[in-house]
Structure formats: structure tokens, C-alpha cells
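Heads up: the structure comes next, in C-alpha cells.
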Amino acid sequence: MECKRKKELPHSNGLNRATAFPDEVLERVLSLLKSHKDRSSVSLVCKDWYNAERWSRRHVFIGNCYSVSPEILTRRFPNIRSVTLKGKPRFSDFDLVPPKWGADIHSWLVVFAKEYPFLEELRLKRMSVTDESLEFLALSFPNFKALSLMSCDGFSTDGLAAIATNCKNLIELDILEHGIEDKSGSWLSCFPESFTSLEVLNFANLHNDVHVDALEKLVSRCKSLKTLKVNKSITLEQLQRLLVRAPQLTELGTGSFSQELTTQQYSQLENAFNSCKNLHILSGLFEATGQYLSVLYPACTNLTFLNLSYATLDGDDLAKLLVHCPNLKRLWVLDTVEDKGLEAVGSYCPLLEELRVFPSDPFDEGINDGVTESGFVAVSNGCRKLHYVLYFCRQMTNAAVTTFVQNCPDFTHFRLCIMDPGQPDYLTHEPMDEAFGAVVKTCSKLRRLSVSGFLTDLTFEYIGKYAKNLETLSVAFAGSGDWGMQCVMEGCPKLRKLEIRDCPFGNAALLSGLEKYESMRSLWMSDCNLTMIGCRTLAKEMPRLNVEVIKEEGTDDSQAKKVYVYRSVAGPRRDAPPFVLTL
Amino acid sequence: MEKYESELNLKATELRLGLPGSDEPEKSSCTSNGVRSNKRSSPETSEEESVNKIDHEQDSARQPAKVQVVGWPPVRSYRKNVLAAHENGDGGKYVKVSMAGAAYLRKIDLKVYKNYPELLMALEKMFKCSFGEYSEREGYINGSEYAPTYEDKDGDWMLVGDVPWDMFMCCCKRLRIVKGSEAKGLGCL
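For the record, the sequence lines run as chains Z and H.
Going by my numbering, the first sequence opens with residue 1, and the numbers climb by one from there.
Going by my numbering, the second sequence opens with residue 1001, and the numbers climb by one from there.
Following this line, the structure appears as C-alpha cells:
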């Protein structure tokens, strides 16, 4: 080929062989690299490889939108087609971050419109997005294909209407777990008659009725539709009409599952599910009771992910359903299934890798018993391939957790929430230290850990000593003093995200991590024992960290009740609201 | 006024983290949306808290006074709202009733009442308080020490009486009796 670029050396010898490679070839090879970690490594090899990597990169993932600026991003990577951005600290999901904190997408969009006019995908998590921004997005990027908004807020269905109206090439519209203003369902009718490219549509968490007619027509003409997740307003009857138009679906989120059906309607629905031979993922099932679950059975053979976390099923209903789901790898349920339901999981789902059990009644008490340590152990007896668990319960024992991880030593994500803060082992009344000790000692691949219950420093000593692959740690209402946090900061080499609330960790604990924060994405500490002096010291010693304190009304000025620390190459935030102090 | 307060014996119903009888300093405060939070205010209290926990190790029973903490358990709000649609059982529509300053909650069956006046009278009797008169514009006036509020399906706190009874019946998740002053903001909308 003649297109050798100027960088090729005329006298290549063994030493210079790397640079003798034409840039286009290098870029072509590197464009096949998808993993961000690999790309990071590649960019460090030498200047040529750095350049080839930056020119060939198409997707960028930014775990903290304040760690970099849009200007710096676009300067380094000129050819990006897909951006994933995460904004607020995770504890904003639990109302610990005040509204109007930031993470607004608009300033990014303005720069992208100029530098990435061919942008195709935008995936946002915990960002603030306004209707104006959505409209701007819809009008600025003619090739735009995929929009995913997870746990975002600040927009309304008007913004969705702008997307539907203007994005002619849209393939994916995914609205998850948000705080949006649902004004009306008419946005769905904004997709033009000529629009046929949709493959993914998820509006499961919106409330309002959509025009079912418009939805049916949309589903009919989008022959490539693979994922359809509707909201509660869609009845079983309406669902049946959608399913017959889209038997090719691989991912389905039903609407409400509790309509009174005639015999004919029931058999029509059953037939509809019968023709959905490609379903791998099933969710929705809002308000489902045992009554109509049997229509699902024929469609369950190939299911790998079943999300029942909106259905208040009991153990028997669950058992009857699971018999038909032998290939299940991921299961989300409510604790209404109780221990009996979990025994069924252990019996019928030998391939299970992920289990999440959500509380049906998180604040009330006595409505149901939920799940206990016995259901926990039952699952681990039958599901030896488990590596991800999220478990909300009201009682747990050290012995049960120890048995659990001995049965399933390959855990990568272990999140246990004993709902009463600071609750000990309910049988022995001892702290839950040995439980989490067993987890970190047994599960050498552990990457994410959430602890709960009554915990002393010993838990954190164990974590620091054994959890060598730990990347994310969440702690609440635990510990006895600074020493605990110090163990973690000094012991966990791969720690990236640490979020702590209501623990007796003070300035000494905060400062013990001085050397470490630059290698981490972020640290969150709320309602601990931090003071402004400690935070200022940290900010002074580590100028490349952003140390932010969220001020709350009515608290002492010397206290730092909510502290957020993160590394950044963009310097301190310029858009901080008055209640966020950047030190 | 003082006599009324001492008759109410507010101290006995004061919300704290300790067992009744122990004299822990009060740790909870009410935020404006009615959710109680027990944020720690100083290093000293945290030490007491740890000591308190160790004492409680000896008791097999859980603490009787349940404190509701902001953002705990860590369940996202869209999940909480989803479950609000489910009524408790086939029979009554039971909802919890809490009162500002009281340690224990009560439970009532809304289906027993046919309209607002019946409900309000029952609540006034149960909690030995008075709401005064309901006015659409100003909320509860004329001798209202307290005002009844409720949490609806969307998780918002509303003044009881604003919506038609039938709508209230299906939207109401739980009730909370707040001090008249706390409800003032609600009534003025």
C-alpha cells in the first residue's frame, strides 16, 4: 500500500519495528480492542500507540462526570460515537444528596454538538437532564441511535416527545428507574409513521397511559424490535395484542398482570406467549398474583433473567413458575416469597448466578416475615454457581452466612442488608463480624461488598486483610472507631469506590487514606465524625482531589456532615450550588 | 398551654433510641416531609451509641421504638412507590397512623369509615387531639393543635380532606398527625 504516513522510519531495524507500522494499520488493529482497561494499557506503551488509540476509540466510559471536563475529553478523543456518563454519588438514590446538586448533562451536550456531531449513543446514570437538553440532543445529532437514561431526573415526557419526533434513526430508548415528570402518555404517539428502526423500547417506570393504538402500530412496523418493556397502564388484553405483533422479542416487560380475563382471553394470551420462543428476559408483571402466571410457562424455557420484583408472589406461586425455568441465571424477587420460595429457587434453578431479594415492606413491620437466614442457606445449597447476591432481611446469623459462602465460594458481589441498623446475630447476639469475615476469607474474587448489622472494628480488619480484589465497599451504621476505616484504606489495594454513612469514623480515618484517594474513583462519607478542619487538611495535602462538603441547614458550621471526595483532572467544580463547598 | 402539654405527657411519648426508662438524650428530629432522621450530632453521642448497642446485645428483644432513618433501608423510591398499590389483604384497608412526638404507631382500617368527618373524629379520639375545622383554602383552622396528613401513592405528603373521599381511600398509604404549624405550609397551596 502506498499510504504510508510520515511517521514511518525509512531505516527500520529491530528496535524500531513498532514505529515502522503504518498508523492506519495500528489504528485498525486497535479499533478491535473494546475493553477500556486494555485501551488504557495500550495508550501507555508509547506516543504512537497513545495517538493511535485515541484516534481509534469510539466509546468512552466516564464513571464520574466531574473527574474530567467535556473539553479535555474531546481534545483527547476526537472520534467518539458513544458516551457513557455517571453523575451523582450512589447514595443520591436514597435521598442523601439534596436536589439541584449538579451532574447536569447540558454543558456536555453543547460541546458534543460541536466536536462529536456524529454521536450515536448516550448512556447516562444519575445525571440531571432537562427537556431542553433532550430537545437539543434530538436536534443536534442526526445519526443519534441510542438513548439510555438510568436514575436520571429533571425531565418530563415532553423531552421524550422531542426525542420520538426528531430522532429518525433511533434504535434504543431506555428510560429506567427515574424521577421524571410524567405529564402524559402522548409522547409515544410522536414517533412518525415512517419510523421503523426501533429495537429497544423501555418505558416501564412511567405511570401514565400511552395511546395503545399508537404503540401497537409502532410495534407492528418496527420489525427489528427485540426489547419491549411497557408500563403498568398496559393490561393483559392489550399485552396480548402487542405480543402477537412481535413474536421475535427477546426481552419483554409486561404491564399490569392482574386483569380479570375471560376463558377466551386467557387462551389467546397463552397462545401469544407460546409463540414467543425467543424470550430470554422477562420483567414487569406488576401486581401479578398466582392466578395468571401459568400463561407464562411456555415462554419460560429459554429464560435466563426473570425479574419478579414488582410481583407480590408467595412461595407456592414462585415454585410453580420456577419449575418451568430451568435455564435461569438471574432472578429478582420480593421477600413475599419467603423462605419457602427460596427453597424452591434452590431446588429448580441449578444454573442460577445472581439472586436479588427486595423487601416488600421496607419501613413497616409485621405485614410479612420476609426472608430469613434459612432461605439464604437453602438457596446456596442448590445454586452452587451463585456469584451475585443482594439480600434484604430482618434477621441473619454468622453461621448462615458462613455456610452460604462455603457453598458458593465464587462470589464477586455480596450485598447483605439486615434492615434494622446495627442488629447483631439474632441467635447468639454477637456482632456480625464473623459473617463478613467468612465472606472475605472464602470469596477471593470478591469485587463488591455491602455490609450491615452490628459490626465492630474486627469486620474491617478482616476486610483489610483478606479482600484483596475488593473494588466497591458500602458501609452503614457500623464500626467502633477510626481504626476500622484505616484497616480498609491500608489493606485493600484495588479499592475504587467507598461509601459510608452513619459510622464513627473521624478525621484520622479520613486522612489515613490520603495516599489512596487518587487511585480511587470516589469516597462518600455522611453522618460520620468528620469536621471541616479534617476536610480542609485533606484538600490542602492533596490538591488533585476535589473535596466537597454538602452543607445542611441547622448543623454546626465546624462539622462536615456530608463529604464527597474524588479525583479529577478538571479541577474544582465550576457549577457547584451554594450548599456545596469546594475546599 | 403548659398544663395541656404536661397532661399530654409528651416526655413519656418522646421518641428516642433507648429503651423506655433509659435516659439517652433525644437523637431524632423531624424533617419537614415528616420522615424522622437520627443523624449523629457529635462525637460524644456516637460513643454513647456504641455503648448502647453493646448493652442491647444482652436483650434478645429488638428496640421497641422504631426510628425511621432517611434513606434506610437502601431501597430506591421508585420501588417503594410500586408496592404502595398493594392493599393489605382482602378485607380491610389498614394503614398505619403515626403522630409527631409519639413513640408508637397505631393502625386503623379505613374501610370502617364512610367519609372524612367519621375518620377525623376517630383519629381525634384515638390520639386525644383536635384538628379543628377543615377549610379548603386554609387547611385546618379554629382550634387545631394538630392536622392530619397522609402519604399518597407517589410518596407525597398531603393534607387529609383535599381530595374526594374515594380517591383518598385508594391513594392513602399511611397517615401522620402533625403539629398544626407543620401543616400550615400544606394548607396554603
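Positions of the beta carbon are idealized from the N, C-alpha and C atoms, including for glycine.
Counted within 10 angstroms of its Cβ, other Cβ atoms place residue i as buried (16 or more) or exposed
i, result
"Z:TYR391", "buried"
"H:SER1022", "Note that H:SER1022 scores 45 on pLDDT, short of 50, meaning its location in the model is unreliable and no value can be drawn from it."
"H:ASP1156", "exposed"
"Z:CYS276", "buried"
"Z:ILE180", "buried"
"H:LYS1114", "exposed"
"Z:TYR116", "buried"
"H:LEU1159", "buried"
"Z:GLU71", "exposed"
"Z:LYS385", "exposed"
"Z:LYS226", "buried"
"H:ILE1054", "Unreliable positioning characterises H:ILE1054 in this predicted model, as indicated by a pLDDT of 40, which lies under 50. The coordinate reading is nonetheless provided below. Under this definition H:ILE1054 is an exposed residue."
"Z:PHE436", "buried"
"Z:GLY284", "buried"
"Z:GLN291", "exposed"
"Z:LEU355", "buried"
"Z:PRO431", "buried"
"Z:LYS593", "The requested residue 593 of chain Z does not occur in the structure, where chain Z is confined to residues 1 to 583."
Proximity winner among the options, relative to residue i (alpha-carbon distances)
i, options, result
"Z:PHE26", "Z:VAL111, Z:ILE550, Z:TYR50", "For the sequence presented, residue 26 of chain Z should be read as Leu rather than Phe. Residue Z:TYR50 is the option with its Cα nearest to Z:LEU26."
"Z:THR157", "Z:PRO70, Z:TRP187, Z:GLU373, Z:ARG394", "Z:TRP187"
"Z:LEU566", "Z:LYS145, Z:ASN546, Z:LEU583, Z:GLY179", "Note that residue 566 of chain Z is Tyr in the sequence shown here, rather than Leu. It is Z:ASN546 whose Cα lies nearest to the Cα of Z:TYR566."
"H:LYS1173", "H:VAL1163, H:GLU1145, H:ARG1137, H:ASP1154", "H:ASP1154"
"Z:PHE257", "Z:LYS232, Z:GLU251, Z:ALA272", "Z:LYS232"
"Z:LEU583", "Z:VAL569, Z:ARG241, Z:GLY534, Z:GLU115", "Z:GLY534"
"Z:PHE579", "Z:THR403, Z:SER568, Z:PRO99, Z:ASN64", "Z:PRO99"
"Z:ARG81", "Z:LYS561, Z:ARG448, Z:SER56", "Z:SER56"
"Z:THR428", "Z:ASN398, Z:SER450, Z:ASP182", "Z:ASN398"
"Z:CYS487", "Z:ASP556, Z:THR459, Z:GLY422", "Z:THR459"
"Z:LEU33", "Z:LEU147, Z:GLY484, Z:GLU53, Z:LEU44", "Z:GLU53"
"Z:TYR177", "Z:HIS207, Z:GLY185, Z:SER189, Z:THR304", "The sequence shown places Glu at residue 177 of chain Z, not Tyr. Among Z:HIS207, Z:GLY185, Z:SER189, Z:THR304, the Cα nearest to that of Z:GLU177 is on Z:HIS207."
"H:SER1144", "H:GLU1151, H:SER1135, H:PHE1131, H:ASP1152", "H:PHE1131"
"Z:ASP93", "H:ALA1147, H:GLY1071, H:LEU1105", "H:GLY1071"
Which of helix, strand or coil DSSP assigns to residue i
i, result
"H:SER1029", "Residue placement at H:SER1029 cannot be trusted, given a pLDDT of 36 that sits under 50; the coordinates are not used to answer."
"H:MET1197", "In this structure chain H extends from 1001 to 1189, so residue 1197 of chain H is not present and cannot be described."
"Z:LYS441", "helix"
"Z:PRO493", "coil"
"Z:HIS280", "coil"
"Z:HIS413", "strand"
"Z:ILE72", "helix"
"Z:PHE363", "coil"
"Z:VAL377", "helix"
"Z:ALA586", "Absent from the model: residue 586 of chain Z. The displayed extent of chain Z is 1 to 583, so no value can be given."
"Z:GLY422", "coil"
"Z:ASN51", "helix"
"Z:TRP524", "strand"
"Z:CYS393", "strand"
"H:PRO1148", "strand"
"Z:GLN486", "helix"
"H:LEU1175", "strand"
"Z:THR196", "coil"
Partners in chain Z for residue i, counting only beta-carbon separations shorter than 8 Å
i, result
"H:ARG1079", "SER309, PHE358"
"H:GLY1155", "In chain order: nothing, as chain Z lies at least about 10 Å away."
Listed by chain order, chain Z residues near residue i by CB distance under 7 Å
i, result
"H:PRO1074", "PHE94, CYS417"
Cutoff 7 Å; reference residue i; Cβ partners in own chain excluding five residues on either side
i, result
"Z:LYS88", "VAL97, TRP101, ALA103, ARG126"
"Z:ARG574", "none"
"Z:LEU530", "GLY506, ASN507, LEU510, ALA560, VAL563"
"H:LYS1080", "GLY1155"
Chain H contact residues for residue i, given Cβ-Cβ distances below 8 Å
i, result
"Z:ALA476", "TRP1072, PRO1074"
"Z:PRO362", "PRO1073, VAL1075, LYS1080"
"Z:PHE392", "PRO1073, VAL1075"
"Z:PRO421", "VAL1069, TRP1072"
Beta-carbon contacts of residue i that lie in its chain and below 6 Å, excluding the five residues immediately before and after
i, result
"Z:HIS387", "GLU353, ASP410, PHE411, THR412"
"Z:GLU548", "TYR564, VAL580, THR582"
"Z:SER140", "ALA113"
Check: residue i C-beta below 7 Å from any heavy atom of the ligand SAM
i, result
"Z:ASP48", "This structure simply doesn't include the ligand SAM, nor any ligand for that matter."
Own chain residues within Cβ distance below 8 Å of residue i, not counting five before or after
i, result
"Z:ALA539", "LEU545, VAL547, LEU583"
"Z:ARG58", "SER31, ASN79, ILE80, ARG81, SER82"
Closer than 9 Å at the beta carbon, the chain H residues around residue i
i, result
"Z:PHE91", "GLY1071, PRO1074"
"Z:GLU515", "Result: empty, since nearest Cβ-Cβ is about 25 Å, beyond 9 Å."
Contact list for residue i against chain H, beta-carbon separation under 7 Å
i, result
"Z:ASN205", "TYR1078"
"Z:GLU586", "In the structure as shown, chain Z begins at 1 and stops at 583. Residue 586 of chain Z is therefore absent and cannot be evaluated."
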